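Student:
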Amino acid sequence: MFNKLRSFDDMGEPGEDDRWKPFDDLKAYMKKTFPTVDKDLKPLMLTGHLDVVPATTSLDRWTYPPFEGVIEEEWIYGRGTSDCKNNVIGILTALEYMLRNGWNPTRTIIAAFGMDEEVGGERGATTINDFLGKHYGPQGIAMIVDEGGMGIETLYGTQFALPGMAEKGYGNFVIQVDMAGGHSSVPSKHTSIGILSKIIAEIEDEDLFEPDMRQTSPMWGYMQCVATHGKDKVPRWITDAVRTKRPDLAKVGNKFASVSSANRYLIQTSKAATVITGGNKVNALPESAVVTINSRIDLYSDVAEVSQAYLAIMRKVANAHNLSIQGESNKDGDGYSIGNISLTVNQPGPPSPITPTDSSAFVVFAKAVQAAFGGDVITAPSSMTGNTDTRHYVSIE
Ligand SMILES: [Zn+2]
6 MFNKLRSFDD
16 MGEPGEDDRW
26 KPFDDLKAYM
36 KKTFPTVDKD
46 LKPLMLTGHL
56 DVVPATTSLD
66 RWTYPPFEGV
76 IEEEWIYGRG
86 TSDCKNNVIG
96 ILTALEYMLR
106 NGWNPTRTII
116 AAFGMDEEVG
126 GERGATTIND
136 FLGKHYGPQG
146 IAMIVDEGGM
156 GIETLYGTQF
166 ALPGMAEKGY
176 GNFVIQVDMA
186 GGHSSVPSKH
196 TSIGILSKII
206 AEIEDEDLFE
216 PDMRQTSPMW
226 GYMQCVATHG
236 KDKVPRWITD
246 AVRTKRPDLA
256 KVGNKFASVS
266 SANRYLIQTS
276 KAATVITGGN
286 KVNALPESAV
296 VTINSRIDLY
306 SDVAEVSQAY
316 LAIMRKVANA
326 HNLSIQGESN
336 KDGDGYSIGN
346 ISLTVNQPGP
356 PSPITPTDSS
366 AFVVFAKAVQ
376 AAFGGDVITA
386 PSSMTGNTDT
396 RHYVSIE
């Protein structure tokens with residue numbers, strides 16, 4: 006059963022698509038394995054997700070098959086062990102253990118597990134959100150702790166717990182070039198594929214998005230924590246920036262981003278051409294070519310701003326090749342156009358609000374970390390380059 010909890014992009018509705026069935030088995034297993042977890046406790050919400058991304062390529066590079074859950078000594082090998090059965094089983098094990106040992110929580114604890122996080126959470130987390138929203142109302146939950154990303158890391162001689170205090174926004178920006186078809190023996194100078202290629206190349210080459218470090222950035226909070234609590238060899242650019250009265254945050258952001266891609270995309274909108282289609286016959290000019298640019302949107306940006314950045318590139322290419330944009334002629338006056346370039350945004354999601362660190366929730370979290378992992382583990386703000394089901398829960402937190 007545990008080797009079938011996968012979410013695919015083309016999943017049908019629960020009840021209709023048999024690939025959801027293993028999740029029913031998992032629910033039954035959890036009820037049986039964690040019998041004392043009481044569904045009527047009060048609202049602190051601990052979440053994770055039950056599904057796993059499929060692993061379809063490079064299967065020979067796995068030490069053990071990704072969905073077998075092989076246990077060797079103290080290690081469990083499997084795709085879901087880090088995302089996200091560790092959280093799910095950890096939450097239930099902790100609740101079960103504490104309840105069995107006579108612990109009497111002062112507030113309700115909700116364990117909320119969606120089954121389609123890896124494909125957007127549209128059926129799982131949204132349903133949980135509707136249900137909880139009806140029971141507890143807007144902002145009816147004291148604190149939501151979702152899977153996060155960074156866990157505990159030793160940095161500069163100190164152990165830091167790094168909860169994601171915010172999640173970037175999301176959008177699949179679909180750019181489509183439509184042009185007249187025809188036979189490849191008498192081609193136009195550019196086909197839709199050629200035009201689309203120019204757009205993709207420009208999007209990759211241009212610095213469309215910049216690092217954005219602000220006083221309110223979780224990663225600025227992170228740098229302050231590291232400078233304060235790091236024991237050895239904290240880089241000078243961090244300690245200097247933190248100790249300066251008026252730090253040049255643009256400079257700090259650029260330096261932070263230059264350390265690694267992992268750093269960069271904590272504070273900058275990403276852009277990646279991930280799916281492309283166009284043409285289906287070797288001797289026919291393709292009527293359309295389509296690319297999806299996947300973007301994880303910076304905390305201080307939004308879907309509209311990212312759309313504008315792509316539209317500017319599209320407009321430039323359209324101008325150079327007599328194409329219209331979004332069905333409207335790009336030319337003044339004559340209206341002459343040999344085709345059209347359009348942009349649509351799929352699955353748009355705004356960046357999350359930023360969790361405040363000067364809150365009692367943050368103090369409770371930091372103390373819980375110390376109780377579980379040791380008094381010298383420091384909780385420092387961090388951020389998330391991706392999103393989780395959390396984005397569906399913003400209205401109830
Ligand atoms: Zn996950």
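Residue numbers (the numbering used here): 6 to 402. Where a beta carbon is used, it is the ideal one built from N, C-alpha and C, also for glycine. These numbers come from a predicted model, not from an experiment.
Can P291 and T196 be called in contact, C-beta distance under 7 Å?
Tutor: Yes, the pair counts as a contact, with Cβ atoms nearer than the cut-off.
Student: May I ask you to report which of helix, strand or coil DSSP gives D307?
Tutor: Reduced to three states, the DSSP call for D307 is coil.
Student: Could you check the C-alpha separation between G235 and N268 for me, to the nearest Å?
Tutor: Their backbone Cα atoms lie some 18 Å apart in a straight line.
Student: So what does DSSP say about S266, is it helix, strand or coil?
Tutor: Correct three-state label for S266: helix.
Student: Given a threshold of 16 other Cβ atoms within 10 Å of its Cβ, counted over all protein chains shown, does E77 qualify as buried or as exposed?
Tutor: Classification of E77: exposed, given that the 10 Å Cβ count is below 16.
Student: Mind listing, in chain order, the residues whose beta carbon lies closer than 6 Å to a non-hydrogen atom of ligand 1?
Tutor: In chain order, the qualifying residues are H54, D88, C89, E122, E152, T393.
Student: Might you give, ordered along the chain, the residues of its own chain that have their beta carbon closer than 7 Å to the beta carbon of L213, omitting 5 neighbours on each side?
Tutor: Closer than 7 Å at Cβ, skipping near neighbours: K276, A314.
Student: Taking the continuous alpha helix (DSSP H) assigned at A99, which residues delimit it?
Tutor: Unbroken alpha helix (DSSP H) run through A99: 90-105.
Student: Would you call the segment 157-167 in contact with the segment 377-388, where contact means no fewer than 3 C-beta pairs closer than 8 Å?
Tutor: With a cut-off of 8 Å, the segment 377-388 and the segment 157-167 count as touching, because enough Cβ pairs lie within range.
Student: Candidates M16, F39, A171: which alpha carbon is nearest V58's?
Tutor: Answer by Cα proximity: M16.
Student: Roughly how many angstroms lie between the CA atoms of V150 and K194, to the nearest whole one?
Tutor: Taking the straight line from one Cα to the other gives about 55 Å.
Student: Taking the DSSP output, what are the residues bridged to G354?
Tutor: The partner list for G354 (beta bridge, DSSP) reads Y175.
Student: Locate the alpha helix (DSSP H) running through V231, then write down its first and last residues.
Tutor: First-last of the alpha helix (DSSP H) with V231: 223-234.
Student: Would DSSP call E207 helix, strand or coil?
Tutor: The answer is helix: DSSP assigns E207 an H, G or I state.
Student: Is the beta carbon of M120 sitting closer than 7 Å to the one on F28?
Tutor: Contact flag set, yes.
Student: Can you name, in chain order, every residue of its own chain whose Cβ lies under 6 Å from the Cβ of N92, other than the five neighbours on each side?
Tutor: Taken in chain order, the residues that qualify are G53, E152.
Student: Taking the alpha carbon of T297 as the point to measure from, which residue in W80, I208, K139 has its own alpha carbon closest?
Tutor: Selected option, being the one with the closest Cα: I208.
Student: Can you tell me where the alpha helix (DSSP H) with W242 in it begins and where it stops?
Tutor: Per DSSP, W242 belongs to the alpha helix (DSSP H) from 241-248.
Student: Buried or exposed: where does N324 fall if 16 or more other Cβ atoms within 10 Å of its Cβ makes it buried?
Tutor: Counting Cβ neighbours within 10 Å, N324 comes out exposed, since fewer than 16 surround it.
Student: I'd like the list of long-range same chain contacts for L351, defined as Cβ closer than 7 Å, with 5 residues on each side in sequence excluded.
Tutor: Going by the sequence as given, residue 351 is Asn instead of Leu. Contacts found: N177, V179.
Student: Are the segment 297-313 and the segment 350-364 touching by the rule of at least three beta carbon pairs closer than 8 Å?
Tutor: The segment 297-313 is in contact with the segment 350-364.
Student: Over what stretch of residues does the beta strand (DSSP E) that includes M35 continue unbroken?
Tutor: Careful: M35 lies outside any beta strand (DSSP E), inside the alpha helix (DSSP H) at 26-38.
Student: Can you tell me which residues form a DSSP beta bridge with Q164?
Tutor: The partner list for Q164 (beta bridge, DSSP) reads T159.
Student: Could you give the distance in angstroms between the alpha-carbon of P355 and the alpha-carbon of E172?
Tutor: Answer to the nearest angstrom: the Cα atoms are 9 Å apart.
Student: Tell me the residue span of the alpha helix (DSSP H) that contains N446.
Tutor: Look at the range of the chain in this structure, 6 to 402, and you will see that residue 446 is not part of it.
Student: So is D45 buried or exposed if we call it buried at 16+ other beta carbons inside 10 Å?
Tutor: With a pLDDT of 48 at D45, under the threshold of 50, the predicted position of this residue should be treated as unreliable, though the coordinate-derived value follows. Exposed, since its Cβ has fewer than 16 Cβ neighbours within 10 Å.
Student: Give the range of the beta strand (DSSP E) segment to which V4 is assigned.
Tutor: Past the boundaries of the shown model lies residue 4; the chain is included only from 6 to 402, so the question cannot be answered.
Student: Tell me, which residues are paired with W80 by DSSP?
Tutor: Answer by DSSP bridge pairing, in chain order: E77.
Student: Would a check of beta-carbon distances place R320 closer than 7 Å to chain B?
Tutor: The structure shown has no chain B; it contains just one protein chain.
Student: Taking C-beta to C-beta, are A117 and I96 nearer than 7 Å?
Tutor: Contact flag unset, no.
Student: Grab me the residues of D217's own chain with a C-beta within less than 8 Å of its C-beta, minus the 5 sequence neighbours each way, in chain order.
Tutor: Contacts found: G258, I272, Q273, D303, L304, Y305, S306.
Student: Would you tell me roughly how many angstroms separate the C-alpha atoms of F378 and Y270, rounded to the nearest one?
Tutor: Distance between the alpha carbons of F378 and Y270: 28 Å.
Student: In whole angstroms, give me the CA-to-CA distance for R11 and T249.
Tutor: Distance between the alpha carbons of R11 and T249 is about 49 Å.
Student: Between R320 and S357, is the Cβ-Cβ spacing less than 7 Å?
Tutor: Result no, Cβ atoms of R320 and S357 do not sit closer than 7 Å.
Student: Under the three-state reduction of DSSP, which class applies to G154: helix, strand or coil?
Tutor: Three-state DSSP puts G154 in coil, outside helix and strand.
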